[in-house]
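Numbering (this note's numbering), first residue to last: 1 to 260.
Ideal placement from N, C-alpha and C gives every residue a C-beta, glycine not left out.
What follows is one structure encoded as structure tokens, with my remarks underneath.
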Amino acid sequence: MELVPETDANPGAAEASGTKVDVRREPFPEEPGDLRFVGPKPPSYPVQPTSAPDGAGIISGAVDTALDGFTAGAMTVRAVSVKGDRHRHYGEPRQDSFVIARAAGIGTTPHDGIVVAVVADGVGSATLSHVGAAIACERVAASVLREHSEFAKVLVAGDTDDAKQHLTRAIDDVCAALNAAAAEAGLAATEVSTTLRGVVASTDPDLLGRLSFQIGDGGTYRLSGTEWKAVDAEPIDGPIHSTATHALPDHPEQSRRRTR
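See the structure below:
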């Protein structure tokens, strides 16, 4: 990528391969409280990093913010993952990951397809949890898309047994990929531990059925009017990390599934 330096005649941006990189000179804040921020309080750490990410961090999770989105039928989908100020300050990777994707369903109209949204939160104490989170999202989304017609039928029929079978295969695929990644790095499987949550929904505005699943802590919420309502109950406590949460690849049996 070639960046064009900022000049008086060209204040701001450089373009390369369709990617716009905006570079602006502003007074550098000395303390966290000098920053503009969103939320009830300023960041707890100075904005400048104390070190560069190591090799593992550069492979996955070095980008501070990931954005994606699309429109599928009557559905608008948006996703964002933002590195926290502590991870940014210490040059640590962003441990969260997500994948959103869409596929045709069992017919040919824009309203008969499915959307899959998957979010993973790498366990903080695990060395390569950010890698595990990225792998988990990519693999489970790929598994759903490979069987998109079957998932579309499950959503139409509301068949819980079929949903369980399809999701079990998807989660088994994730666990195999996580174990392989840990083995390649010469680490225990717990070093790629991650929680996982996802939703598979129809793009048909008249079909309100959805399939949700979760392994580990976190929350999935549905906006009803002006109120956010929990979709799934909190999972059972588990043995990974001080927060005692179940995580992949060691606890696929703790997957919770719900078809609505």
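Query	Result
Cβ neighbour criterion (16 or more within 10 Å) applied to Glu264	This structure does not reach residue 264, given that the chain is present from 1 up to 260, and the question cannot be answered.
Option in Gly69, Gly73, Ala103 and Gly124 with minimal Cα separation from Lys83	Gly124
Complete alpha helix (DSSP H) runs within the segment 70–94 (minimum length 4 residues, chain order)	85–89
Environment of Gln95 [buried if 16+ CB atoms lie within 10 Å]	buried
Test item: CB-CB of Val63 and Val131 under 7 angstroms	no
Straight-line Cα distance separating Ser202 from Leu155	7 angstroms
Buried/exposed call for Val80, threshold 16 Cβ in 10 Å	exposed
Ser143 classed as buried or exposed, judged by whether at least 16 other C-beta atoms fall within 10 angstroms	buried
Alpha-carbon to alpha-carbon, Ile215 and Glu147	21 angstroms
Secondary structure of Lys195, DSSP reduced to three states	Sequence check: residue 195 is Thr here, not Lys. Note: Thr195 maps to strand in three-state DSSP.
From Gly91, Gly113 and Pro46, residue whose alpha carbon lies closest to that of Pro205	Gly113
For Ile135, the nearest candidate out of Met75, His89, Phe213 and Ala170 (CA to CA)	Ala170
Buried versus exposed, by CB contacts within 10 Å (16 or more), Ala157	exposed
Residues sharing a beta bridge with Asp96, DSSP	Asp121
Selected residue, minimal CA-CA separation from Tyr90, among Asp173, Pro46, Leu187 and Asp172	Pro46
Contact under 7 angstroms by Cβ, Ala133 with Thr220	no
Terminal residues of the alpha helix (DSSP H) in which Glu184 lies	Thr160 to Glu184
Close beta carbons around Arg139, own chain, < 8 angstroms, minus the five adjacent residues each side	Ala170, Asp173, Val174 and Ala177
Proximity below 7 angstroms, CB of Gly198 to CB of Val118	yes
Neighbour-count burial assignment, Phe213, 16 or more Cβ in a 10 Å radius	buried
DSSP-derived helix/strand/coil call for Val150	Going by the sequence as given, residue 150 is Glu instead of Val. Correct three-state label for Glu150: helix.
Paired residues, beta bridge with Arg222 - DSSP	Lys229
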